[in-house]
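Since the structure comes first, as structure tokens, the remarks are kept for the end.
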Amino acid sequence: MVQAEGVQFQYSSDGPRMTFPDFACASGDRLLLLGQSGTGKTTLLHLLAGMLRTDKGTIQVAGRDLKTSSDRELDAWRGQELGIVFQRAHFVQSLTVEENLALPHQLTQGRVPHDMLDRMALMLDRLGLSHRAHALPRELSVGEQQRASIARALLHRPKVVFADEPTSALDDQNAQTVMDILDREAAEATLVVVTHDQRLKDRYAQCVTLQPHGS
Amino acid sequence: MKLGLLRQALKNLRSKPLQTALSLNLLGFGVGMVSLMLVTEQQVNDAFERNIKDIDLVLGAKGSPLQLILANVYHIDAPTGNINQREAEKVLKHPYIDSGIPLAYGDNHEGYRIVGTEHSYVEHYGGTLADGALWQAPFEVTAGARVAEDLDLHIGDTFYSAHGLKDQTDIHTNKTFTVVGILEPNGSVLDQLLLTPMESIWYVHLDDGETLDPETREITAMLLKKRNPLAVLTIPNALRETNMQVALPAIEVNRMTQQFGLGTAALRAIALFIMALSFASIFISVLDNVRTRRHELALMRTMGGTPSTLYRLLLIEGGLLCASGTVLGLCLSRVGMGVLGHFVDGQFHYDVYNASMLGSEWALAGGAVLVGLLASAIPARRALKLDISRILSEA
Chain D
17 MVQAEGVQFQ YSSDGPRMTF PDFACASGDR LLLLGQSGTG KTTLLHLLAG
67 MLRTDKGTIQ VAGRDLKTSS DRELDAWRGQ ELGIVFQRAH FVQSLTVEEN
117 LALPHQLTQG RVPHDMLDRM ALMLDRLGLS HRAHALPREL SVGEQQRASI
167 ARALLHRPKV VFADEPTSAL DDQNAQTVMD ILDREAAEAT LVVVTHDQRL
217 KDRYAQCVTL QPHGS
Chain Y
135 MKLGLLRQAL KNLRSKPLQT ALSLNLLGFG VGMVSLMLVT EQQVNDAFER
185 NIKDIDLVLG AKGSPLQLIL ANVYHIDAPT GNINQREAEK VLKHPYIDSG
235 IPLAYGDNHE GYRIVGTEHS YVEHYGGTLA DGALWQAPFE VTAGARVAED
285 LDLHIGDTFY SAHGLKDQTD IHTNKTFTVV GILEPNGSVL DQLLLTPMES
335 IWYVHLDDGE TLDPETREIT AMLLKKRNPL AVLTIPNALR ETNMQVALPA
385 IEVNRMTQQF GLGTAALRAI ALFIMALSFA SIFISVLDNV RTRRHELALM
435 RTMGGTPSTL YRLLLIEGGL LCASGTVLGL CLSRVGMGVL GHFVDGQFHY
485 DVYNASMLGS EWALAGGAVL VGLLASAIPA RRALKLDISR ILSEA
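Each protein sequence line maps, in turn, to chains D and Y.
Okay, so the first sequence: first residue is 17 according to the numbering used here, each after it adds one.
Okay, so the second sequence: first residue is 135 according to the numbering used here, each after it adds one.
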């Protein structure tokens, strides 16, 4: 479901070349990509999500070879097949929480089906955000923003979920809660967590440690 | 849930009320000013054109030629004085003159002029009766449609005239005017006049028992139609030694509109400058949106939005601003027209209000939206080249 082989990337010709280890994660499995600052964790996640193009090597995610896909194909693919939880919870600030959650559907299908609205209500309820459905993102606490971000990444039932440092700013209890939510709500998806948080290193059976500059 | 790009664009605009209001008001004000000037010019020109038709020369007392025209053709100024009827009729008999319509006035009723004239005056402007008949005897009055409506005049109603063209202080209670007819509205000067035989104007100023010497009868002006184009050269020369003059309506009106034109050109330049400012404001607004909302735009790319989706969203925001600003401007123009119309109506009894859109206004609206869209399209192109990875990596 997620496979990387011989992946290398360089931001600029005079910048350091990042070399990443090979790894594979089967459908429905969990994978932890663990690394300290400067190991290119976020870069790797962006490569896996098709937001950056590899210089060398191949990446396959949800059956798609990212190297041979066009930008337009990748745009649509991200909206349909991927769910991304960013380190910093980004939202469209003029839209309510509910509208932010519906955005991937709107952007990829041009409409938000009724069954998705029912699913959204259930998910908001499970994440304790029902009362915040009509709030604007700036009115949410940091914890609520993080949960809303997870809900948005999972609502459209993506095949693969990428989470970038989902616990880095949280205390132990909240970190545990967020990871439990991710595991529970993404139960049917392949989950790849990119983090430097050592508290998570034993959480999953599959763990790939990234080295500085991929060396 | 409806969450199309249009709705998103609306929400984005509403989330920045100050910036949106600034762009909207600037464009609204600019479009409003240009539109108001277009409509005003059109209405004033129409009114001038309608009333000037087939009047080649206006014969009246010496004084300002423009005043002579404004007073006797449009009835919006005081006359330059009176002229002797016999002397005026001599001019009418000049071989270069085809026909003439005498006018005698100096009194009013509730601010509307009572004009002594002949039936040919009504025929000249194509007036038709809505009710009753044209005047036949002294002190019979046929009222213009506008006067009748404003003063609620009906056939058989009577009134006194007051001396002067507006004042209601010196009322001639010795003679009673009777309404015998009401004209259909036809958009000409007839609408705002109370028409009566010339004798009414003369007799109302006579004391009981006093008679009028035909040799000393005076009129205010005579509207002349020429038979020969040379009339415009020879008649003024023929009048050099008299107290009379002829003025050419076409030339005087043209001179006046040219003078107005300088003022309106300056106003139009100011309005266009304001419009240019508003386009700059829209340009900066969209540019600022791309910069400050780069995280949102990049986020939308990770959720299935294509570069063209983002481009369209920004373009719709700019388009909405332009369209709303243009509509606001046209509404402001109508409000301005209403205020101006009220003023002109009160002062001159001319109805210049026009709610319908002129062709030039459609062009103005289309042009404003088009230029506004262009002002949005240029900065929105940046959305096509967003480096989403870098933006989403920013702390």
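All C-beta atoms in this analysis are idealised placements derived from N, C-alpha and C, irrespective of residue type, glycine included.
Predicted model only: the values in this text are computed from it and were never measured.
**Request:** Examine chain Y for any beta-carbon lying closer than 7 Å to the beta-carbon of Gln24 (chain D), and answer yes or no.
**Result:** Locating residue 24 (chain D) in the first sequence gives position 8, counting from the first residue. Not an interface residue.
**Completely contained alpha helix (DSSP H) runs for the stretch 163 to 248 of chain Y, where each covers 4 or more residues** = Whole alpha helix (DSSP H) segments, 4+ residues: 199 to 203, 219 to 226.
**Prompt:** What residues from chain B crowd round Arg88 (chain D), counting only those whose CB sits closer than 8 Å?
**Reply:** Reference to chain B is not applicable here, since the protein chains of this structure are D and Y.
**Prompt:** Per DSSP, which one or two residues make a beta bridge with Ile408 (chain Y)?
**Reply:** As a position in the second sequence, residue 408 (chain Y) is number 274, starting the count at 1. Its beta-bridge partners do not exist; DSSP assigns none.
**Prompt:** Within this structure, are the beta carbons of Gln19 (chain D) and Ala42 (chain D) separated by less than 7 Å?
**Reply:** Translated into positions along the first sequence, residue 19 (chain D) becomes position 3. Translated into positions along the first sequence, residue 42 (chain D) becomes position 26. Contact flag unset, no.
**Request:** Please report how far the alpha carbon of His306 (chain Y) lies from the alpha carbon of Ile316 (chain Y), in whole angstroms.
**Result:** In the second sequence, counting from the first residue as 1, residue 306 (chain Y) sits at position 172. In the second sequence, counting from the first residue as 1, residue 316 (chain Y) sits at position 182. Taking the straight line joining both Cα atoms gives about 23 Å.
**Prompt:** Beta-carbon of Asn423 (chain Y) versus every beta-carbon of chain D: anything under 7 Å?
**Reply:** In the second sequence, counting from the first residue as 1, residue 423 (chain Y) sits at position 289. Taking Cβ atoms only, chain D never reaches closer than 7 Å to Asn423 (chain Y), which makes this a no.
**Message:** If distances are taken between C-alpha atoms only, which option among Y:Met378, Y:Thr276, Y:Leu299, Y:Glu344 comes closest to Ile289 (chain Y)?
**Reply:** On the second sequence, residue 289 (chain Y) is found 155 positions in, with the first residue counted as 1. Nearest C-alpha to Ile289 (chain Y): Y:Thr276.
**Request:** Figure out for me which residue from Y:Gln379, Y:Asn179, Y:Leu455 has the closest Cα to the Cα of Lys196 (chain Y).
**Result:** Residue 196 (chain Y) sits at position 62 when you count from the first residue of the second sequence. Nearest option by C-alpha distance: Y:Gln379.
**Asked** Which residues of chain Y have a Cβ atom closer than 8 Å to the Cβ of Pro120 (chain D), listed in chain order?
**Response** Reading the first sequence from its first residue, position 104 is the one you call residue 120 (chain D). At a beta-carbon threshold of 8 Å, the residues of chain Y lying near Pro120 (chain D) are Met437, Gly438, ordered along the chain.
**Message:** Please report the straight-line C-alpha distance between Gln103 (chain D) and Ser412 (chain Y), rounded to a whole angstrom.
**Reply:** On the first sequence, position 87 is the one that residue 103 (chain D) refers to. On the second sequence, position 278 is the one that residue 412 (chain Y) refers to. One C-alpha to the other measures close to 39 Å.
**Asked** Comparing alpha-carbon positions, which option in Y:Arg428, Y:Ile522, Y:Glu528, Y:Leu464 lies nearest Leu172 (chain Y)?
**Response** Taking the first residue of the second sequence as position 1, residue 172 (chain Y) is located at position 38. Leu172 (chain Y) has its Cα closest to that of Y:Leu464, out of Y:Arg428, Y:Ile522, Y:Glu528, Y:Leu464.
**Asked** Which ranges would you report for the beta strand (DSSP E) in the stretch 339 to 365 of chain Y if only whole runs of at least 3 residues count?
**Response** For the stretch 339 to 365 of chain Y, whole beta strand (DSSP E) runs of length 3 or above, ordered along the chain, are 355 to 360.
**Prompt:** How about Thr124 (chain D): is its C-beta nearer than 7 Å to some C-beta of chain Y?
**Reply:** Here residue 124 (chain D) refers to the residue found at position 108 when the first sequence is read from its first residue. Yes, Thr124 (chain D) counts as interfacial toward chain Y.
**Proximal chain D residues relative to Ile522 (chain Y), where beta-carbon distance stays under 7 Å** = Looking up residue 522 (chain Y) in the second sequence gives position 388. Per Cβ cutoff of 7 Å: Met67.
**Prompt:** What residues of chain Y sit near Leu111 (chain D), judged by a beta carbon separation below 8 Å?
**Reply:** Within the first sequence, the letter at position 95 stands for residue 111 (chain D). Listed by position along chain Y, the residues whose Cβ is nearer than 8 Å to that of Leu111 (chain D) are Leu137, Gln142, Lys145.
**Prompt:** For Leu406 (chain Y), which residues of its own chain have a beta-carbon under 8 Å away from its beta-carbon, when the five flanking residues on both sides are left out?
**Reply:** Counting from one through the second sequence, the residue named residue 406 (chain Y) turns up at place 272. Within the same chain, and ignoring the five residues on either side of Leu406 (chain Y) in sequence, the residues whose Cβ sits closer than 8 Å to its Cβ are Gly164, Val168.
**Message:** Does the CB of Leu433 (chain Y) have a neighbour CB from chain D at under 7 Å?
**Reply:** One-based indexing of the second sequence puts residue 433 (chain Y) at position 299. Closer than 7 Å to some Cβ of chain D, the Cβ of Leu433 (chain Y) qualifies, so yes.
**Item:** Candidates Y:Lys309, Y:Leu364, Y:Met356: closest to Tyr337 (chain Y) by CA position
**Value:** By one-based count along the second sequence, residue 337 (chain Y) stands at place 203. In terms of Cα proximity to Tyr337 (chain Y), the closest of Y:Lys309, Y:Leu364, Y:Met356 is Y:Lys309.
**Asked** Straight-line CA distance for Leu47 (chain D) to His147 (chain D)?
**Response** Position 31 of the first sequence holds residue 47 (chain D). Position 131 of the first sequence holds residue 147 (chain D). Here the alpha carbons of His147 (chain D) and Leu47 (chain D) stand approximately 33 Å from one another.
**Asked** chain D beta carbons: is any one of them nearer than 7 Å to that of Ser419 (chain Y)?
**Response** Locating residue 419 (chain Y) in the second sequence gives position 285, counting from the first residue. It does not; no Cβ of chain D falls within 7 Å.
**Message:** Is there a Cβ of chain D sitting closer than 7 Å to that of Glu430 (chain Y), yes or no?
**Reply:** What you label residue 430 (chain Y) is simply residue 296 of the second sequence in a count that begins at 1. So, interface residue.
**Request:** Under 8 Å by Cβ, that's how I've got Thr440 (chain Y) and Arg88 (chain D) pegged, so tell me the actual separation to the nearest angstrom.
**Result:** Mapped onto the second sequence, residue 440 (chain Y) falls at position 306. Mapped onto the first sequence, residue 88 (chain D) falls at position 72. Going by Cβ atoms, the distance from Thr440 (chain Y) to Arg88 (chain D) rounds to 6 Å, so yes, they are a contact pair.
**Buried versus exposed call for Ala400 (chain Y) [16 or more other C-beta atoms within 10 Å across all chains shown]** = The residue labelled residue 400 (chain Y) in the question sits at position 266 within the second sequence. With fewer than 16 Cβ atoms within 10 Å of its Cβ, Ala400 (chain Y) is classed as exposed.
**Request:** Just mark Trp93 (chain D) as buried or exposed, buried being the case when its beta carbon has 16 or more other beta carbons within 10 Å.
**Result:** Start at 1 with the first residue of the first sequence, and residue 93 (chain D) comes out as number 77. Classification for Trp93 (chain D): buried.
**Asked** Less than 7 Å separating the beta-carbons of Asp180 (chain D) and Leu61 (chain D)?
**Response** As a first step, residue 180 (chain D) must be located in the first sequence, where it is residue number 164. As a first step, residue 61 (chain D) must be located in the first sequence, where it is residue number 45. Cβ distance < 7 Å, so Asp180 (chain D) and Leu61 (chain D) count as in contact.
**Message:** Does Met437 (chain Y) come out as helix, strand or coil in the three-state DSSP assignment?
**Reply:** Numbered from 1 along the second sequence, position 303 holds the residue referred to as residue 437 (chain Y). Assignment of Met437 (chain Y) by DSSP, reduced to helix, strand and coil, places it in the coil class.
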